[in-house]
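Colleague:
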Amino acid sequence: MGGGASTKKNTATAPPKEEKKSVSKITAVFARQIFDSRGNPTVEVDVTTTDGVFRAAVPSGASTGVYEALELRDKGTDYMGKGVSKAVKNVNDIIGPALIGKNPVEQRAIDDFMVKELDGTTNEYGFPKKKLGANAILGVSLAVCRAGAAAKGKPLYKHIADLSGNKKVQLPVPSFNIINGGSHAGNQLAMQEFMILPVEAKNFTEAMKIGSEVYHHLKKVIKKKYGQDAANVGDEGGFAPPINDNQEAIDLILNAIEAAGHTGKVKIGMDVAASEFYTKDKMYDLNFKTQPNDGSKKIDSDALAELYMSFCDKCPMVTIEDPFDQDDWKAWQKFTEMAAKKNVQIVGDDLTVTNTTIVKKAIESKACNALLLKVNQIGTVTESIDAVKMAKDAGWGVMASHRSGETEDTFIADLAVGLSTGQIKTGAPCRSERLAKYNQLLRIEEDLGMDAVYAGKNFRFIAI
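Each residue of the sequence shown is one higher than the last, beginning at 818 in my numbering.
(1) Reducing DSSP to helix, strand and coil, say where S958 ends up.
(2) Out of D936, C962, V1089, D929, state which residue places its alpha-carbon closest to the alpha-carbon of A874.
(3) Note the first and the last residue of the continuous beta strand (DSSP E) segment covering L1189.
(4) If we count the other Cβ atoms within 10 Å of its Cβ and call it buried at 16 or more, is E1223 buried or exposed?
(5) Between L959 and chain D, is any beta-carbon pair separated by less than 8 Å?
(6) Only counting runs of 4 or more residues, tell me where the alpha helix (DSSP H) segments fall wholly within the stretch 905–943, in order along the chain.
(7) Which stretch, first to last residue, makes up the alpha helix (DSSP H) that contains E1223?
(8) Indicate whether Y1125 and F1094 have their beta-carbon atoms separated by less than 8 Å.
(9) Buried or exposed, going by whether 16 or more other CB atoms sit within 10 Å of the CB of P876?
(10) Output the boundary residues of the beta strand (DSSP E) element that contains L1014.
(11) Have a look at W1146 and N952 and give me their C-alpha separation to the nearest angstrom.
(12) Tell me, which residues are paired with Y765 by DSSP?
(13) For K1099, which option in C1247, E1075, K985, D1144 has the closest C-alpha, if you only look at C-alpha atoms?
(14) Can you check whether the CB of Q1194 is closer than 8 Å to the CB of P989?
(15) Check this for me: beta carbons of N1063 and A1057, under 8 Å apart or not?
(16) What is the rounded straight-line gap between the Cα of K1082 and the Cα of L1014?
(17) Suppose the cutoff is 6 Å on Cβ atoms and the five residues either side in sequence are ignored; what does the same chain contact list for K1106 look like?
(18) Starting from R849 and walking both ways along the beta strand (DSSP E), at which residues does that stretch end?
(19) Since F1228 is in the alpha helix (DSSP H), which residue starts that stretch and which ends it?
(20) For a test of the three-state rule: what should DSSP assign to D1068, helix, strand or coil?
(21) Tell me which residue opens and which closes the beta strand (DSSP E) that T865 is part of.
(22) In whole angstroms, what is the alpha-carbon distance linking I1279 and K1206?
(23) Do you know offhand how far S992's Cα is from F1276's?
(24) To which residues does DSSP link N997 through a beta bridge?
(25) Closer than 7 Å by C-beta to V1038: which residues in its own chain qualify, once you throw out the five before and the five after it? Chain order, please.
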């Protein structure tokens, strides 16, 4: 045989054949009525794309701000007027068909299309979603976001970080609501939530350990003082003991922290939901759950502010949410300045309703210094991101939040990490619809591995 060159094909340096991934497209959108944690109907949406099926469910609040986007209910007699068949029909008949063929990665374009073209309603605050319902639009927006993450082959929290331009994700400090009052519980306690924040934990896993241990010690403290029946829980998993003194609720929590051996690691927070007990004569009725009453516990905004300051003097308070009615702007401004001397965060929820128009007003008037982020207050992922970015640009803190009527959906856990909110409240370490979010945060921390960063003491000041 001759000594010619080998005819064997050399494949060692041949470049691999690239397969161009096809662009993901929405192929179907379907909504149904399901039930939330209070047994009320809510909207669930399935968005089908060329990558699979992606599902989201919509929460619902009990204490709601009057400026929130419209939650469309059927009214009438079925489900006590709380049915959502109209919202479901709007998804199936109007929104869904209009989204076929669209790329789910294009979150802002899809959200804008639903809000500005398919719904099209406007008012002085922006887009109230009065035609289709914020609950219809939000279900689609959340499911589309999940589909967009899958299309990019990324975890949801990383996709949300991309959408917001956030370069560094962080695990939030959990704000556990462990004593319930207000509209969330059947006791006489006027103020709605008493919370603990494990800011000194090393990581989110330890924060959960601290939260769980304090919660169970609190149960023991309550049982011993008030009896077995007093350990019943409210809508968000916190205990609802038979008390009407707000300071007593704080004292119970301090006793539980000490009993659990976590003194110094845990701070205190409150959601007052003061709009719930603001009266027509512009007073605050701390006995509003007893009707009629003699009005002896009505106080003005100055007296209420002094009551809050007394709480701050007696415990390691770091955050107070909705201390006044959503229209009592002067009281907000005055108290935010007072609380700054104690380094206490003042959070706008009913005041700001995740709406950039109102957030801008609150920033300019210095009415508060933190945003409560509730996606169903505004109705889309994009508008929620815009509110967070505006708040952070102003140096505000941001706390991602559930609603009292929740589902097993875990979207807000990924949202809190993707936007590096630094804080999240999603109830007590009790009730599966609450723990679903906390458990998702544990998975995210595991997924991040050595890159996982816990916000800790810096929870208020995380840039995006």
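Backbone N, C-alpha and C fix where the C-beta goes; we use that ideal spot for every residue, glycine too. Because the structure is a prediction, the values reported are computed rather than measured.
Modeller: In short:
(1) The residue you call residue 958 lines up with position 141 of the sequence shown. DSSP places S958 in helix when its eight states are reduced to three.
(2) Within the sequence shown, numbered from 1, the residue matching residue 874 stands at position 57. Here the closest residue by C-alpha is C962.
(3) Numbered from its first residue, the sequence shown carries residue 1189 at position 372. Where L1189 is concerned, the enclosing beta strand (DSSP E) stretches over 1187–1190.
(4) Residue mapping note: residue 1223 aligns to position 406 of the sequence shown, counting from 1. Label assigned to E1223: buried.
(5) Among the protein chains of the structure shown there is no chain D, as only one such chain exists.
(6) 913–916, 924–929
(7) To locate residue 1223, count along the sequence shown from 1; it is residue 406. It is not in any alpha helix (DSSP H) - E1223 carries neither H nor E in the DSSP assignment.
(8) For the purposes of this step, residue 1125 is taken as the residue at position 308 of the sequence shown. For the purposes of this step, residue 1094 is taken as the residue at position 277 of the sequence shown. No, the Cβ-Cβ distance between Y1125 and F1094 is not below 8 Å.
(9) As a first step, residue 876 is located in the sequence shown; it is residue number 59 there, counting from the start. Its Cβ being crowded by 16 or more others within 10 Å, P876 is buried.
(10) As a working mapping, residue 1014 is identified with position 197 in the sequence shown. That run of the beta strand (DSSP E) goes 1010–1014.
(11) Position 329 of the sequence shown holds residue 1146. Position 135 of the sequence shown holds residue 952. In a straight line, the C-alpha of W1146 is about 28 Å away from that of N952.
(12) Given a span of 818 to 1281 for the chain in the structure shown, any question on residue 765 remains unanswerable.
(13) Within the sequence shown, the letter at position 282 stands for residue 1099. K1099 has its Cα closest to that of D1144, out of C1247, E1075, K985, D1144.
(14) Taking the first residue of the sequence shown as 1, we reach residue 989 at position 172. Taking the first residue of the sequence shown as 1, we reach residue 1194 at position 377. The answer is no: Cβ separation not under 8 Å.
(15) Position 246 of the sequence shown, counting from 1, holds the residue named residue 1063. Position 240 of the sequence shown, counting from 1, holds the residue named residue 1057. No; because the gap between Cβ atoms is not below 8 Å, this pair is not in contact.
(16) Taking the sequence shown and counting its residues from 1, the one referred to as residue 1082 is at position 265. Taking the sequence shown and counting its residues from 1, the one referred to as residue 1014 is at position 197. Each residue's alpha carbon lies about 8 Å from the other.
(17) Translated into the one-based positions of the sequence shown, residue 1106 becomes position 289. Around K1106: Q1005.
(18) To locate residue 849, count along the sequence shown from 1; it is residue 32. Run containing R849: 843–852, per the beta strand (DSSP E) assignment.
(19) Translated into positions along the sequence shown, residue 1228 becomes position 411. F1228 -> alpha helix (DSSP H) spans 1228–1235.
(20) As a first step, residue 1068 is located in the sequence shown; it is residue number 251 there, counting from the start. The answer is helix: DSSP assigns D1068 an H, G or I state.
(21) As a working mapping, residue 865 is identified with position 48 in the sequence shown. That run of the beta strand (DSSP E) goes 858–866.
(22) Position 462 of the sequence shown, counted from the start, is the residue given in the question as residue 1279. Position 389 of the sequence shown, counted from the start, is the residue given in the question as residue 1206. About 11 Å.
(23) Counting from 1 along the sequence shown, the entry for residue 992 is found at position 175. Counting from 1 along the sequence shown, the entry for residue 1276 is found at position 459. Between S992 and F1276, the C-alpha separation is close to 11 Å.
(24) Your numbering for residue 997 matches position 180 in the sequence shown. N997 is bridged to E1010.
(25) The sequence position of residue 1038 within the sequence shown is 221, counting from 1. Counting only Cβ-Cβ distances below 7 Å, and skipping sequence neighbours, we find L1069, N1072, A1073, A1076.
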